[in-house]
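Protein chains in written order, with the numbering used here: chain D, 1 to 278; chain X, 1001 to 1147. Using N, Cα and C, we set each Cβ at its ideal position, and we do this for glycine too. Values in this document were obtained by computation on a predicted structure and should not be read as measured data.
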Ligand SMILES: Nc1ncnc2c1ncn2[C@@H]1O[C@H](COP(=O)(O)OP(=O)(O)OP(=O)(O)O)[C@@H](O)[C@H]1O
Ligand SMILES: [Mg+2]
């Protein structure tokens, strides 16, 4: 008769990790776009980098790790699509430039729906006990259950805060690297410095630092930060409201106005990453 | 984790899962295949929640309504009505004659549950029908033994 295997909790958790590794075997490079600081342009740069990398006939995916503030689908023109479930997993949304996008946004009914987790027996006050585990598992499902197919690059748009980075690293020991984003503000640089040190100590490979919303060519303070952490500056992207506007309308600026200084800086960053990862 | 009958030195077998989703009380019944003694594992809502957040299965379906398809954890953890995520306008998969035969070989008291398990798995994984081949795939995916 139909019987069950014994309950092997640890074994199942190990199997979950193995499923992540299996899925990502067809992905050549996984790169996290991180910062620690919020609002510095992680999502905007992820979307534009994805579009820029995709112009060279590379296959690119974006995983939106910002569970409570997803914006990757918006910036890649992939909103309104639903995940399609098939035998191989959930098909991601397809954004501008054929970029495959998986995001919590696809699971939320409308703009007025927030991410709220179900509480068994109405025990909302205990949610701190299990929320972190649950959200780590959401990330795991995005990695393992998405039909990414063959990808050259999978970019991960990280949420603000440094803690999720460690989760990602535990799920994905083969993470090729992280690009850290900062703005020239003192507050941003302080937070990014600590996040970078923490990420390194957790075993992450930091590919370099990107200065976003740069005022002049490159601020000396950002150089100091890069040196203190011991990573190169990969790009300095100027403040460009038009780039922001088109990206937030689902058309990454690098594709619309590739000649602007900001777009050029991002295209060069893409070239650099291509070279570093090759 | 498993339960053993100390007297018989046998691993208890799963009998039923009577989780009450509303109250969050999970009750999983086991029995000893040798002496027939029954036990149940009962968790309170907080423990149920913790198990649920791990995304593991304890007893057949634990807290999912079907069985684990892609993104199962997300779909069953989101508050509110999430059926629309699945709603692709597909009808329930059809049971082939051969599959029905196989189901009929299972003890009558589990047939309902087994049918639901396979039907849900097939739908979630995009199969239009439940055939013996799909049943085998489902069994592998769910880690169930031969019936
Ligand atoms: N170089 C830039 N020039 C002008 N505006 C920019 C630039 N980079 C980002 N922005 C804008 O700044 C805002 C914040 O950017 P974004 O959402 O990408 O930041 P984030 O780091 O992903 O934020 P969060 O931490 O909330 O996820 C957005 O409105 C974006 O369009
Ligand atoms: Mg963001």
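Classification of residue i by the beta-carbon crowding that lies within 10 angstroms, buried from 16 upward
{"i": "residue 1009 of chain X", "result": "exposed"}
{"i": "residue 37 of chain D", "result": "buried"}
{"i": "residue 1020 of chain X", "result": "exposed"}
{"i": "residue 32 of chain D", "result": "buried"}
{"i": "residue 1064 of chain X", "result": "Here residue 1064 of chain X scores only 44 on pLDDT, less than 50, and its place in the model should not be relied on; the value that follows carries that caveat. With 16 or more other Cβ atoms within 10 Å, it is buried."}
{"i": "residue 29 of chain D", "result": "buried"}
{"i": "residue 1101 of chain X", "result": "exposed"}
{"i": "residue 109 of chain D", "result": "exposed"}
{"i": "residue 1124 of chain X", "result": "buried"}
{"i": "residue 245 of chain D", "result": "exposed"}
{"i": "residue 164 of chain D", "result": "buried"}
{"i": "residue 50 of chain D", "result": "buried"}
{"i": "residue 9 of chain D", "result": "exposed"}
{"i": "residue 14 of chain D", "result": "exposed"}
{"i": "residue 146 of chain D", "result": "buried"}
{"i": "residue 1031 of chain X", "result": "buried"}
{"i": "residue 42 of chain D", "result": "buried"}
{"i": "residue 59 of chain D", "result": "buried"}
{"i": "residue 1062 of chain X", "result": "Residue confidence for residue 1062 of chain X is low, a pLDDT of 45 falling below 50, so the modelled location carries little weight; the figure read from the coordinates is stated next. Classification for residue 1062 of chain X: buried."}
{"i": "residue 216 of chain D", "result": "exposed"}
{"i": "residue 232 of chain D", "result": "exposed"}
{"i": "residue 131 of chain D", "result": "exposed"}
{"i": "residue 113 of chain D", "result": "exposed"}
{"i": "residue 1132 of chain X", "result": "exposed"}
{"i": "residue 1109 of chain X", "result": "exposed"}
{"i": "residue 1007 of chain X", "result": "exposed"}
Under 9 angstroms by beta carbon: chain D residues contacting residue i
{"i": "residue 1084 of chain X", "result": "82 and 109"}
{"i": "residue 1010 of chain X", "result": "None at all; the shortest Cβ gap to chain D is about 12 angstroms."}
{"i": "residue 1124 of chain X", "result": "85"}
Cβ-heavy atom distance, residue i to ligand 2, below 7 angstroms
{"i": "residue 37 of chain D", "result": "no"}
{"i": "residue 71 of chain D", "result": "yes"}
{"i": "residue 42 of chain D", "result": "yes"}
{"i": "residue 157 of chain D", "result": "yes"}
{"i": "residue 163 of chain D", "result": "no"}
{"i": "residue 66 of chain D", "result": "yes"}
Interface residues of chain X facing residue i [CB-CB closer than 8 angstroms]
{"i": "residue 148 of chain D", "result": "Ordered by position in chain X, no residue passes the 8 angstroms Cβ test against residue 148 of chain D, which lies about 12 angstroms from the chain."}
{"i": "residue 137 of chain D", "result": "1053, 1054, 1055 and 1073"}
{"i": "residue 126 of chain D", "result": "1046 and 1049"}
Residues sharing a beta bridge with residue i, DSSP
{"i": "residue 1005 of chain X", "result": "X:1010"}
{"i": "residue 211 of chain D", "result": "D:182 and D:236"}
{"i": "residue 146 of chain D", "result": "D:90"}
{"i": "residue 157 of chain D", "result": "D:33 and D:64"}
{"i": "residue 1094 of chain X", "result": "X:1129"}
{"i": "residue 177 of chain D", "result": "D:31"}
{"i": "residue 1121 of chain X", "result": "None; residue 1121 of chain X has no bridge partner."}
{"i": "residue 1078 of chain X", "result": "D:117"}
{"i": "residue 151 of chain D", "result": "D:27"}
{"i": "residue 206 of chain D", "result": "D:178"}
Residue i: contacting residues in chain X (beta-carbon distance under 7 angstroms)
{"i": "residue 145 of chain D", "result": "1070 and 1071"}
{"i": "residue 16 of chain D", "result": "1055"}
{"i": "residue 90 of chain D", "result": "1070 and 1071"}
Heavy atom of ligand 1 within 7 angstroms of residue i beta-carbon
{"i": "residue 261 of chain D", "result": "no"}
{"i": "residue 269 of chain D", "result": "no"}
{"i": "residue 160 of chain D", "result": "yes"}
{"i": "residue 9 of chain D", "result": "no"}
{"i": "residue 237 of chain D", "result": "yes"}
{"i": "residue 249 of chain D", "result": "no"}
{"i": "residue 212 of chain D", "result": "yes"}
{"i": "residue 252 of chain D", "result": "no"}
{"i": "residue 241 of chain D", "result": "yes"}
{"i": "residue 244 of chain D", "result": "yes"}
Chain D residues whose Cβ lies nearer than 7 angstroms to that of residue i
{"i": "residue 1079 of chain X", "result": "116, 117 and 118"}
{"i": "residue 1048 of chain X", "result": "120"}
Where residue i meets chain X, residues with beta-carbon distance less than 9 angstroms
{"i": "residue 141 of chain D", "result": "1055, 1070, 1071, 1072, 1073 and 1074"}
{"i": "residue 134 of chain D", "result": "1049, 1052, 1053, 1054, 1055, 1073 and 1077"}
{"i": "residue 13 of chain D", "result": "1054, 1055 and 1056"}
{"i": "residue 292 of chain D", "result": "Outside the displayed span of chain D (1 to 278) sits residue 292 of chain D, for which this structure offers no information."}
Proximal residues of chain D, C-beta to C-beta of residue i below 8 angstroms
{"i": "residue 1093 of chain X", "result": "Chain D residues near residue 1093 of chain X: none, gap ~12 angstroms exceeds 8 angstroms."}
{"i": "residue 1127 of chain X", "result": "87"}
{"i": "residue 1112 of chain X", "result": "By Cβ distance, chain D contributes nothing, its closest Cβ being about 12 angstroms from residue 1112 of chain X, past 8 angstroms."}
Inset, instruction - For the stretch 1015-1050 of chain X, list the beta strand (DSSP E) runs that are entirely contained and at least 3 residues long, ordered along the chain. - result: You should have 1026-1031 and 1038-1043.
Inset, instruction - Could I get the ranges of all uninterrupted beta strand (DSSP E) runs contained in the stretch 65-113 of chain D, with 3 residues as the minimum, in chain order? - result: 84-86, 89-91 and 100-102
Inset, instruction - Note down, one range per segment and in chain order, each beta strand (DSSP E) of at least 3 residues found wholly within the stretch 223-270 of chain D. - result: 233-238
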